[in-house]
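Each remark here refers to the structure printed beneath this line.
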Amino acid sequence: MTVYMVERDLKRISMEALGDAQKAAISKAAEMTSNGTDISYLRSTFAPEDGRCMCLFNAASDIDVKRLNDDAGLPYHRIVPALDLTP
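Going left to right, the sequence shown walks through residues 0 to 86 as numbering that gives the first Met the number 0 numbers them.
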């Protein structure tokens, strides 16, 4: 499994819509895992000043992360392998 970072531009998103997007990512990850694709949502960091949002997923491939975000209807600019440096 690899950690992937999903970069998003969410300018002018409401906090309610941001929460709904997070719930959609968590729900879609659970659905995909129950259907045999091992993927999990880890966490997000949101910078409200400029709308940048970085979401971390644990998955076997970037294709799985792309499919999750596409199926959940979540916008993104790119998906890249990342190092999760949480202590």
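A virtual CB, placed ideally from N, CA and C, is assigned to each residue, including glycine.
Computed from a prediction, not measured in an experiment: that's the story for all the values here.
In the three-state DSSP reduction, N34 falls in the coil class, being neither helix nor strand. In the three-state reduction of the DSSP assignment, L82 falls in the coil class, being assigned neither a helical nor a strand state. Taking a cut-off of 8 angstroms on C-beta distances, the stretch 46-66 touches the stretch 22-38, as three or more cross pairs fall below it.
Excluding the 5 residues flanking it on each side, C54 has same chain C-beta neighbours closer than 6 angstroms at V5, S43, in chain order. Per DSSP, R11 lies in no alpha helix (DSSP H) and is assigned neither H nor E.
For the pair T32 and P80, the CB atoms are not nearer than the 8 angstroms cut-off. With a beta-carbon spacing of about 16 angstroms, G50 and D19 fall beyond the 8 angstroms limit used to define contacts.
In this structure, DSSP gives L41 an extended state, which the three-state scheme calls strand. Membership of A59 in any beta strand (DSSP E) is not indicated, and neither H nor E is assigned to it by DSSP.
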